[in-house]
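Colleague:
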Amino acid sequence: MIQQSLELRSIQDYYLADFCKFRSLSDSGEHYVGIKFDDSKEHPIIHLPLGCPDPSTLSTLELRKIISMLIRVIIKVKRELNKGLDDKRGENSIQFPFDAYRRLILDYVNFGFIRESERNETTSGSGRIDWSKTLRKSQPLWTKSGPVYLSPIRINTIYSHQDIMQIQSYCLKLADFHIGWLYGRKKPILRQWSSAKLLWARNKIELFKRQTFDSRISKLLRSMQIILSNQVDDSRNIEGYYNIGIQGNTAVGDMWEKMVEGVFGSGKHGQYSPQAIYTHANQSSSAAAGNMELDSIRFDGSICTVVDAKYYGERLPATSDINKQITYGEWVAKKLEGENLQVQNLFILPGEVLDPHHEYIGYATMDILEDKSKPYHKVHLKRIDFCQLMKMYLQNDKSKSKEFCHIPVD
């Protein structure tokens with residue numbers, strides 16, 4: 001059995017906003033999103049994306065949640081896209097065990113160290129009497145009043161702090177070493193364990209997992225396993241100074257696109273991939289290179305929404321974007337002809353939007369393509385709250401996507 005000790009350590013409160021770089025929707029130009037260490041500093045700079053709230057207006061707890069979500073989104077997106085990473089260990093930060101580190105720190109702050117308990121049976125001393133074992137194993141002294149057990153079996157619980165606390169302490173130091181800055185915790189002096197000791201620790205944790213039925217402690221032990229496994233593979237070790245982020249507006253736009261796909265559904269499949277066809281002078285034909293790909297396509301009752309993610313601030317999508325989206329809508333409408341569906345076009349842009357977390361901006365049209373009988377000749381624009389979309393993307397939550405796709409009636 002595994003129990004929790006009562007040694008607690010509180011998180012030091014500090015002004016996390018001092019380490020954040022905020023970008024308003026009016027900011028333009030190439031930028032980096034994520035965390036980036038300067039080799040001369042113990043704390044990274046957190047580069048926030050367009051649509052994140054001004055960190056100076058948030059509490060440390062609120063900001064910590066946003067930064068945690070951002071790191072998790074970046075790691076998840078990079079795993080899905082399998083892109084090269086701009087950090088010192090390349091693709092290794094795909095394996096960066098951020099969630100495991102986070103669980104170690106928060107569990108320790110709230111519950112302290114876990115400890116191993118051992119049950120011993122004795123017929124002397126103190127302890128709880130186990131009557132079922134006493135009746136089975138001990139001979140009673142019979143008296144006129146009935147049986148008397150002179151030496152009942154007692155259960156003593158002895159807690160061992162050595163093995164599991166040693167392993168948890170090491171994992172906690174690793175967590176503090178890598179992400180302690182997020183919680184205002186000091187960076188510890190870290191001594192790397194040998195491969196043999198890491199394997200011993202992993203085997204011990206596996207044994208401990210079989211002895212507990214507490215779901216929270218089981219999750220904590222699982223996090224420790226992940227951290228130890230990450231350490232066993234030396235190639236995955238990330239030094240104290242590391243970067244986890246995405247460089248450039250195009251790459252950040254890919255992240256926004258992936259979030260939108262995760263919440264609204266993907267349109268990247270053969271059924272909805274328009275392609276140009278060449279007809280040659282000899283009447284032969286060939287497909288042009290590069291299919292057009294929809295970001296997302298949704299069907300809600302009689303409404304089909306063709307969604308395109310646009311990572312734009314105050315500067316709205318260009319004429320070429322509008323024309324391309326109308327082409328998408330027209331192609332989908334032709335593809336679905338006869339199915340009694342109304343096709344509409346929608347651009348999703350990032351923003352800071354309070355509940356209900358989406359805001360209608362308006363619509364764009366092309367002067368040469370403005371047939372009011374064809375709703376897809378309008379490209380509607382909405383801003384979705386960046387933090388809300390991060391949360392939904394991480395939780396695979398599509399519950400609000402229909403609401404987000406609703407277009408106000410003219």
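Going by our numbering, 37 is the number at position 37 of the sequence shown; the sequence numbering is gapless.
Backbone N, C-alpha and C fix where the C-beta goes; we use that ideal spot for every residue, glycine too.
Bear in mind that the values here come from a model prediction, so they are computed numbers and not experimental data.
1) Is the region 210 to 219 close to the region 256 to 265, with three or more CB pairs under 8 angstroms?
2) Can you give me the start and stop residues for the alpha helix (DSSP H) that Ile495 sits inside?
3) Per DSSP, what are the beta-bridge partners of Gly146 in this structure?
4) Do you know offhand how far Leu6's Cα is from Ile244's?
5) Does the contact criterion of 3 or more C-beta pairs under 8 angstroms hold for the region 39 to 56 versus the region 18 to 28?
6) Distance check for Ser286 and Asp54, CA to CA, integer angstroms please.
7) Work out the CA separation of Gln388 and Leu394 for me, nearest whole Å.
8) So for Arg383, helix, strand or coil by DSSP?
9) Should Pro147 go down as buried or exposed, given a rule of 16 or more other Cβ atoms within 10 Å for buried?
10) Could you tell me which residues DSSP pairs with Val77 in its beta bridges?
11) Going by C-alpha to C-alpha distance, which of Ser145, Pro152, Arg115 and Ile114 sits closest to Ser132?
12) Check Glu62 in the structure and name its three-state DSSP category.
13) Between which residues of its own chain and Tyr15 is the CB-CB distance below 8 angstroms, once the five residues before and five after are set aside?
14) How would you label Val409, buried or exposed, when you count the other beta carbons within 10 angstroms and need 16 or more for buried?
15) Looking at the structure shown, is Glu206 part of a helix, part of a strand, or coil, going by DSSP?
16) So what's Asn92 in DSSP terms, helix, strand or just coil?
17) What residues in its chain sit with their C-beta under 8 angstroms from that of Lys137, if we drop five residues either side in the sequence?
18) Please classify Ala364 as buried or exposed, where buried requires at least 16 other C-beta atoms within 10 Å of its C-beta.
19) How far does the alpha helix (DSSP H) with Phe264 in it extend, from its first residue to its last?
20) Can you give, in chain order, each stretch of the beta strand (DSSP E) that sits fully within the region 308 to 369 and has at least 3 residues?
21) Counting C-beta neighbours from all protein chains within 10 Å, is the total for Arg315 16 or more, i.e. buried, or is it exposed?
22) Excluding five sequence neighbours on each side, which residues of the same chain lie with their C-beta closer than 8 angstroms to the C-beta of Ala288?
23) Whole angstroms is fine: what's the gap from Ile75's alpha carbon to His178's?
24) For Phe299, which residues does DSSP report across the bridge?
25) Give the DSSP-derived three-state secondary structure of Ser401 in the structure shown.
26) Three-state secondary structure (DSSP) at Ala287?
27) Please report the Cβ distance between Leu199 and Lys173, rounded to the nearest whole angstrom; I am assuming they are in contact, meaning their Cβ atoms lie under 8 angstroms.
28) Where does Ile407 sit, in a helix, a strand or coil, going by DSSP?
29) With the cut-off set at 7 angstroms, would you say Leu341 and Ser302 are in Cβ contact?
30) Just to confirm, is the Cβ distance from Gly253 to Tyr311 under 7 angstroms?
31) Determine, using beta carbons only, whether Leu346 and His380 come nearer to each other than 7 angstroms.
32) Taking the straight line between their C-alpha atoms, what separation do you get for Asp87 and Ile227?
33) Which value, in whole angstroms, describes the spacing of the CA atoms of Phe98 and Arg72?
Modeller: Reading it off the structure:
1) Short answer: they don't touch.
2) Any question about residue 495 goes unanswered here, given that the chain covers just 1 to 410.
3) By one-based count along the sequence shown, residue 146 stands at place 146. According to DSSP, which records beta bridges pairwise, Gly146 is partnered with Thr143.
4) Position 6 of the sequence shown, counting from 1, holds the residue named residue 6. Position 244 of the sequence shown, counting from 1, holds the residue named residue 244. Caution is warranted here: a pLDDT of 43 is assigned to Leu6, below 50, making its placement in the model unreliable, and the coordinate value is therefore given only provisionally. Straight-line Cα distance between these residues: approximately 35 angstroms.
5) Three or more beta-carbon pairs separated by less than 8 angstroms link the region 39 to 56 to the region 18 to 28, which places the two stretches in contact.
6) Within the sequence shown, residue 54 is the residue found at index 54, counting from 1. Within the sequence shown, residue 286 is the residue found at index 286, counting from 1. Distance between the alpha carbons of Asp54 and Ser286 is about 52 angstroms.
7) By 1-based counting over the sequence shown, the position of residue 394 is 394. By 1-based counting over the sequence shown, the position of residue 388 is 388. Straight through space, the alpha carbons of Gln388 and Leu394 are spaced by roughly 10 angstroms.
8) Here residue 383 corresponds to residue number 383 of the sequence shown, with the count starting at 1. The answer is strand: DSSP assigns Arg383 an E or B state.
9) Residue 147 sits at position 147 when you count from the first residue of the sequence shown. It is exposed - the Cβ of Pro147 has fewer than 16 other Cβ atoms within 10 Å.
10) Counting from 1 along the sequence shown, the entry for residue 77 is found at position 77. Paired residue(s): none; Val77 is not in a bridge.
11) Here the question's residue 132 lines up with position 132 in the sequence shown. The residue with the shortest Cα to Cα distance from Ser132 is Pro152.
12) For the purposes of this step, residue 62 is identified with residue 62 of the sequence shown, where counting begins at 1. Judged by DSSP in its simplified three-state form, Glu62 adopts helix.
13) For the purposes of this step, residue 15 is taken as residue 15 along the sequence shown, with counting starting at 1. Same-chain partners within the cutoff: Thr60.
14) The count along the sequence shown starts at 1 and reaches residue 409 at position 409. With fewer than 16 other Cβ atoms within 10 Å, it is exposed.
15) Within the sequence shown, numbered from 1, the residue matching residue 206 stands at position 206. Helix at Glu206.
16) As a working note, residue 92 is residue 92 in the sequence shown. Note that Asn92 has pLDDT 45, beneath the 50 cutoff, so the model's placement of it is unreliable and the number below is only indicative. Note: Asn92 maps to helix in three-state DSSP.
17) If you number the sequence shown from 1, residue 137 lands on position 137. The beta carbon of Lys137 sits closer than 8 angstroms to those of Ile153, all from its chain and outside the five residues before and after it, given in chain order.
18) Position 364 of the sequence shown holds residue 364. Buried, because 16 or more other Cβ atoms sit within 10 Å of the Cβ of Ala364.
19) Translated into positions along the sequence shown, residue 264 becomes position 264. Phe264: member of the alpha helix (DSSP H) spanning Asn249 to Phe264, first to last residue.
20) Counting only runs of at least 3 residues, the region 308 to 369 fully encloses the following beta strand (DSSP E) elements, listed from N- to C-terminal order: 342 to 351 and 358 to 364.
21) For the purposes of this step, residue 315 is taken as residue 315 along the sequence shown, with counting starting at 1. Exposed: under 16 other Cβ atoms inside 10 Å.
22) As a position in the sequence shown, residue 288 is number 288, starting the count at 1. The residues are Gln275, Ala276, Ile277 and Tyr278.
23) By 1-based counting over the sequence shown, the position of residue 75 is 75. By 1-based counting over the sequence shown, the position of residue 178 is 178. One C-alpha to the other measures close to 15 angstroms.
24) As a working note, residue 299 is residue 299 in the sequence shown. DSSP, once it has assigned bridges, lists Cys304 as partnering Phe299.
25) As a working note, residue 401 is residue 401 in the sequence shown. Helix at Ser401.
26) Here residue 287 corresponds to residue number 287 of the sequence shown, with the count starting at 1. In the displayed model, Ala287 falls within a strand according to three-state DSSP.
27) Here residue 199 refers to the residue found at position 199 when the sequence shown is read from its first residue. Here residue 173 refers to the residue found at position 173 when the sequence shown is read from its first residue. The pair is not a contact, with the Cβ atoms about 18 angstroms apart (cut-off 8 angstroms).
28) To locate residue 407, count along the sequence shown from 1; it is residue 407. Reduced to three states, the DSSP call for Ile407 is coil.
29) Residue mapping note: residue 341 aligns to position 341 of the sequence shown, counting from 1. Residue mapping note: residue 302 aligns to position 302 of the sequence shown, counting from 1. Remark: C-beta atoms of Leu341 and Ser302 approach each other more closely than 7 angstroms.
30) Translated into positions along the sequence shown, residue 253 becomes position 253. Translated into positions along the sequence shown, residue 311 becomes position 311. Yes, Cβ-Cβ distance for Gly253 and Tyr311 is below 7 angstroms.
31) Translated into the one-based positions of the sequence shown, residue 346 becomes position 346. Translated into the one-based positions of the sequence shown, residue 380 becomes position 380. For Leu346 and His380, yes; Cβs fall inside 7 angstroms.
32) Here residue 87 refers to the residue found at position 87 when the sequence shown is read from its first residue. Here residue 227 refers to the residue found at position 227 when the sequence shown is read from its first residue. Legend: pLDDT at Asp87 = 43, less than 50; position of this residue unreliable, value from coordinates given subsequently. One C-alpha to the other measures close to 19 angstroms.
33) By one-based count along the sequence shown, residue 98 stands at place 98. By one-based count along the sequence shown, residue 72 stands at place 72. Per the coordinates, the alpha-carbon of Phe98 lies some 7 angstroms from the alpha-carbon of Arg72.
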